[in-house]
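Structure first, commentary second.
2 protein chains.
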Amino acid sequence: MPLADKTHLRIPGPTPIPPRVQWAMNQPMIGHRSGECSRLVVENSRRLQPVFGTDQPVLIVTGSGTSALEAAVVNAVAPGEEAAVVVTGAFGDRFAKIVTRYGITLRRLDIPWSEACQPEVLAEFLQQHPQVKAVFLTYCETSTGVLNPIRELARTVHQHSDALVIVDGVSCLGAVDCRMDEWGVDIMVTGSQKALMLPPGLAFIAVSDRAWEVIERNPRSRFYLDLIAYRDNLTKQTTPYTPAVSLLFGLKEVLNLIQEEGFSAIVARHRLMMEMSRAGIRALGLELLAPDAFASPTVTAVKGGGQLDVEAFRKELRQIGVVVAGGQQHLKGKIFRIGHMGYCDPLDVLTVFNAIELALFRLGVPVELGSAVKACEEVWANVSRTHHGSAQ
Amino acid sequence: MPLADKTHLRIPGPTPIPPRVQWAMNQPMIGHRSGECSRLVVENSRRLQPVFGTDQPVLIVTGSGTSALEAAVVNAVAPGEEAAVVVTGAFGDRFAKIVTRYGITLRRLDIPWSEACQPEVLAEFLQQHPQVKAVFLTYCETSTGVLNPIRELARTVHQHSDALVIVDGVSCLGAVDCRMDEWGVDIMVTGSQKALMLPPGLAFIAVSDRAWEVIERNPRSRFYLDLIAYRDNLTKQTTPYTPAVSLLFGLKEVLNLIQEEGFSAIVARHRLMMEMSRAGIRALGLELLAPDAFASPTVTAVKGGGQLDVEAFRKELRQIGVVVAGGQQHLKGKIFRIGHMGYCDPLDVLTVFNAIELALFRLGVPVELGSAVKACEEVWANVSRTHHGSAQ
Chain W
1 MPLADKTHLR
11 IPGPTPIPPR
21 VQWAMNQPMI
31 GHRSGECSRL
41 VVENSRRLQP
51 VFGTDQPVLI
61 VTGSGTSALE
71 AAVVNAVAPG
81 EEAAVVVTGA
91 FGDRFAKIVT
101 RYGITLRRLD
111 IPWSEACQPE
121 VLAEFLQQHP
131 QVKAVFLTYC
141 ETSTGVLNPI
151 RELARTVHQH
161 SDALVIVDGV
171 SCLGAVDCRM
181 DEWGVDIMVT
191 GSQKALMLPP
201 GLAFIAVSDR
211 AWEVIERNPR
221 SRFYLDLIAY
231 RDNLTKQTTP
241 YTPAVSLLFG
251 LKEVLNLIQE
261 EGFSAIVARH
271 RLMMEMSRAG
281 IRALGLELLA
291 PDAFASPTVT
301 AVKGGGQLDV
311 EAFRKELRQI
321 GVVVAGGQQH
331 LKGKIFRIGH
341 MGYCDPLDVL
351 TVFNAIELAL
361 FRLGVPVELG
371 SAVKACEEVW
381 ANVSRTHHGS
391 AQ
Chain H
1 MPLADKTHLR
11 IPGPTPIPPR
21 VQWAMNQPMI
31 GHRSGECSRL
41 VVENSRRLQP
51 VFGTDQPVLI
61 VTGSGTSALE
71 AAVVNAVAPG
81 EEAAVVVTGA
91 FGDRFAKIVT
101 RYGITLRRLD
111 IPWSEACQPE
121 VLAEFLQQHP
131 QVKAVFLTYC
141 ETSTGVLNPI
151 RELARTVHQH
161 SDALVIVDGV
171 SCLGAVDCRM
181 DEWGVDIMVT
191 GSQKALMLPP
201 GLAFIAVSDR
211 AWEVIERNPR
221 SRFYLDLIAY
231 RDNLTKQTTP
241 YTPAVSLLFG
251 LKEVLNLIQE
261 EGFSAIVARH
271 RLMMEMSRAG
281 IRALGLELLA
291 PDAFASPTVT
301 AVKGGGQLDV
311 EAFRKELRQI
321 GVVVAGGQQH
331 LKGKIFRIGH
341 MGYCDPLDVL
351 TVFNAIELAL
361 FRLGVPVELG
371 SAVKACEEVW
381 ANVSRTHHGS
391 AQ
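Chains as they are written, first to last, in UniProt numbering: chain W, 1 to 392; chain H, 1 to 392.
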């Protein structure tokens with residue numbers, strides 16, 4: 001058994017909780033209709049705006065990330081309407097499942113599970129489906145480590161239709177640049193347990209003026225996930241139903257951490273961790289699932305096969321003290337995924353590669369110990385040198 | 001300003017978190033598909049069964065209590081069907097709102113907001129509405145402190161119809177006797193933040209075999225709150241979507257606390273706290289909202305009026321360090337409510353009355369200091385004497 005509580009959780013969510021956030025969640029419980037809770041709700045909502053890149057209020061829903069995906073669907077699309085879902089992996093597929101479940105005509109654009117959707121592909125698809133009222137996109141596809149070019153895709157949607165642009169930002173918001181208003185994203189949703197460094201249990205949703213008009217006209221039945229109730233209650237400084245108060249305590253501290261590090265530094269840190277991870281994997285002679293152009297700063301997927309049995313490898317890594325994720329759906333047993341987001345820094349990436357080298361060695365996969373770590377360190381060293389140089 | 005963090009939160013939920021539960025929630029985050037999380041989900045579900053009085057698995061949903069009320073509605077009643085909702089207060093009213101929102105024909109039985117529904121009243125109502133497919137009941141009506149006689153009401157429903165019996169147990173499960181299977185309750189729901197001593201964010205739902213048949217036939221669209229997905233995933237030792245993991249850590253410790261104290265002792269403690277609270281209020285010459293026969297062991301509502309301005313009184317109490325709730329909807333400004341459930345013991349009830357006496361004195365309401373506390377202590381003393389006697 002590894003040393004208790006010493007596990008390095010490097011899956012693409014849930015992610016480790018920073019000590020200050022953990023401590024913040026230990027405050028004594030408060031009433032959800034108290035002034036203190038109102039201040040928490042209002043301030044957290046306001047301070048989440050730069051993470052989304054929006055001037056719209058950020059709504060706080062108590063639920064898993066999937067509750068936010070569903071909220072986007074049931075609020076924005078009426079029964080019988082058409083919606084396009086761009087499926088680049090398991091979470092695009094989840095959007096498609098929700099859309100189908102709710103009696104919406106699904107126009108599904110399947111992209112191979114290792115690639116991003118390219119604007120010209122979406123443009124052609126939208127020309128074939130001029131009736132779609134909403135286009136569902138995934139910012140970071142957690143199952144593949146692919147980052148879709150949301151800015152360009154949103155522009156493409158607006159060029160070809162009046163459809164709403166709805167984006168699942170669950171596994172990257174808080175780690176990547178997001179300019180929802182500027183890019184013309186109409187609904188952006190995310191969850192608490194990924195780059196936002198909280199336990200699972202909260203979902204966050206921002207909505208454009210254009211989308212609110214659609215939502216207000218939408219006759220579809222909804223109650224717990226009725227976004228109008230969240231918006232109207234937020235103007236009264238509260239939530240419609242008892243929120244997950246301890247996570248609101250934690251969120252306040254998360255937003256302090258983000259403010260202290262600075263959002264551009266956070267984005268740069270995640271980019272560096274991505275580059276280190278990719279260099280390390282390449283140095284080991286392993287194959288990355290996503291090409292560089294589509295790589296996500298929050299999660300890196302690596303192909304198994306040949307001498308690398310990914311499930312045996314993940315088990316060996318766990319013994320050493322590092323937990324990485326496997327593949328989902330048809331990628332199960334075929335890839336492993338390293339999460340490098342939230343409470344994770346370049347040293348943590350080195351730790352992951354320390355463990356990866358050892359695990360490969362133990363499993364008899366040919367590996368030169370230190371080689372991946374060297375490659376990672378070189379990436380980091382060069383970034384440091386650049387920074388040092390630019391400071392002179 | 002009162003001493004920081006020394007507030008006694010005595011509202012009917014959220015309720016204070018026991019230190020051991022707080023500590024348990026500080027465990028390092030784990031993956032939601034890990035063996036450790038599977039064990040948490042399965043064990044927590046199993047150990048919740050005695051709280052519900054059921055052999056059915058208890059489903060764990062990440063959401064507010066309202067998400068569980070909605071889950072009951074959307075899973076059990078198809079569009080166009082008829083449902084009866086017994087409204088004894090604000091939470092019965094919430095059931096009615098959800099039912100209406102989902103295109104179900106509402107048969108609403110309004111009971112004055114201070115009384116329980118009597119079986120003969122329900123029987124007559126059901127005879128007038130023979131088509132109802134489900135009857136929605138509230139076990140403890142949080143807004144009035146009334147406990148509805150669920151055993152008798154369930155029996156009445158079964159005598160007069162084949163309708164499902166669906167019960168909101170949010171503000172009492174874990175504090176009162178509940179024998180869901182024996183009483184013939186088909187769906188029982190509760191939340192984490194009341195007698196179960198956790199922060200808000202989890203909801204718990206148990207379903208009878210009879211109700212599962214209805215749920216499986218129900219064509220209504222649902223996704224996040226589709227109970228079939230929770231049931232099927234529980235048999236695979238997991239949840240369909242990322243659960244609020246830190247609350248699952250806490251729940252395990254809550255169930256340890258319940259096991260150590262013993263469920264019958266917990267029920268007796270809540271009953272004692274109710275009797276003490278009622279004796280204290282009477283000693284002050286104030287008027288209880290609910291008669292003794294309908295009183296809930298978890299929350300006591302008290303009428304204001306005359307010399308007692310309840311909002312000024314609640315403010316004064318807060319200054320002293322005790323937080324009680326006000327009234328909801330048409331009872332706003334007319335009552336205050338003392339929560340005495342979960343991590344609350346008879347000494348805490350005495351503390352509440354210490355503060356109540358002082359607050360009344362400060363507001364110039366005639367009060368004999370010590371009189372309410374004396375009455376509370378007498379109740380407790382008599383119970384202690386009885387116990388002492390019976391042990392000989």
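Cβ atoms here follow ideal geometry from the backbone N, Cα and C, with glycine treated the same way.
Who are W/Gly305's beta bridge partners in DSSP? W/Leu308
Out of W/Asp55, W/Ala301 and W/Glu43, which has the shortest C-alpha to C-alpha gap to W/Val324? Here the closest residue by C-alpha is W/Ala301.
Quick check: is the beta carbon of H/Gln329 nearer than 8 Å to any beta carbon in chain W? no
Please list the partners that W/Ala96 has in chain H, where partner means a Cβ-to-Cβ separation under 8 Å. Within 8 Å Cβ-Cβ: nothing; W/Ala96 doesn't reach chain H, min ~12 Å.
With a cut-off of 8 Å, do at least 3 Cβ pairs link the stretch 169 to 177 of chain W to the stretch 255 to 275 of chain W? yes
Span separating the alpha-carbon of W/Leu248 from that of W/Phe223: 22 Å
Span separating the alpha-carbon of H/Gln22 from that of W/Asn26: 6 Å
At least 3 beta-carbon pairs within less than 8 Å: the stretch 351 to 358 of chain H vs the stretch 239 to 255 of chain H: no
In chain order, what are the residue ranges of uninterrupted beta strand (DSSP E) at least 3 long that sit wholly in the stretch 104 to 156 of chain H? 105 to 110 and 132 to 138
Identify every residue that forms a DSSP beta bridge with W/Thr300. W/Ile338
How would you label H/Gln127, buried or exposed, when you count the other beta carbons within 10 angstroms and need 16 or more for buried? exposed
Please report the distance separating the alpha-carbon of W/Tyr102 from that of W/Gln131. 17 Å
Output, in sequence order along the chain, the residues in the stretch 96 to 115 of chain W whose CB is closer than 7 Å to any CB in chain H. For the stretch 96 to 115 of chain W, the set of residues with a beta-carbon nearer than 7 Å to any beta-carbon of chain H comprises Ile98, Arg101, Tyr102 and Gly103, in chain order.
C-beta neighbour in chain W for H/Phe336, strict 8 Å: no
Between the stretch 207 to 225 of chain W and chain H, which residues of the former have a C-beta closer than 8 Å to a C-beta of the latter? Ser221, Arg222, Phe223, Tyr224 and Leu225
Helix, strand or coil: how does DSSP classify W/Asp232 here? helix
Coil, strand or helix - W/Phe294 by DSSP: It is helical.
Since H/Leu350 is in the alpha helix (DSSP H), which residue starts that stretch and which ends it? Pro346 to Arg362
Can you find a C-beta in chain H that's less than 8 Å from the C-beta of W/Ala375? no
Residues of the stretch 223 to 248 of chain W whose Cβ lies closer than 9 Å to any Cβ of chain H, in chain order: Taking 9 Å as the cut-off between beta carbons, the residues of the stretch 223 to 248 of chain W near chain H are Phe223, Tyr224, Leu225, Asp226, Thr239, Pro240, Tyr241, Thr242, Pro243, Ala244, Val245, Ser246 and Leu247, in sequence order.
Under 7 Å Cβ-Cβ, which residues of chain H neighbour W/Pro2? Residues of chain H passing the Cβ test: none, with the nearest at roughly 12 Å.
Report the partner residues of W/Thr62 according to the DSSP bridge assignment. Answer is W/Leu202.
Thinking C-alpha only, which one of W/Leu227, W/Val365 and W/Thr54 is nearest W/Gly305? W/Val365
Can you list, in chain order, the residues of its chain whose CB lies under 6 Å from that of W/Asn218, leaving out five sequence neighbours each side? Ala78
Roughly how many angstroms separate the alpha carbons of H/Pro14 and H/Val157, rounded to a whole number? Computed Cα separation, rounded: 32 Å.
CB of H/Glu120 to nearest heavy atom of the ligand SAM: below 7 Å? Ligands displayed in this structure: none; no statement on the ligand SAM is therefore possible.
So, helix, strand or coil for W/Gln392, using DSSP? With a pLDDT of 40 at W/Gln392, under the threshold of 50, the modelled position of that residue is not reliable, and no figure is offered here.
Can you find a CB in chain W that lies within less than 8 Å of the CB of H/Asn354? no
Where does W/Thr15 sit, in a helix, a strand or coil, going by DSSP? Coil.
Please state the DSSP three-state secondary structure of W/Met197. coil
Proximal residues of chain H, C-beta to C-beta of W/Glu70 below 8 Å: Phe223 and Tyr224
Report yes if the CB atom of W/Met188 is closer than 8 Å to the CB atom of H/Pro199, and no otherwise. No, they are not a contact pair.
In or out: W/His340 buried (at least 16 other Cβ within 10 Å) or exposed? buried
H/Gly250 vs H/Ala68 beta-carbon contact at 8 Å: no
Return no unless some Cβ of chain H is closer than 8 Å to the Cβ of W/Asp5. By this cut-off, W/Asp5 is an interface position.
Beta strand (DSSP E) segment containing H/Glu368, residue limits: Careful: H/Glu368 lies outside any beta strand (DSSP E) and carries neither H nor E.
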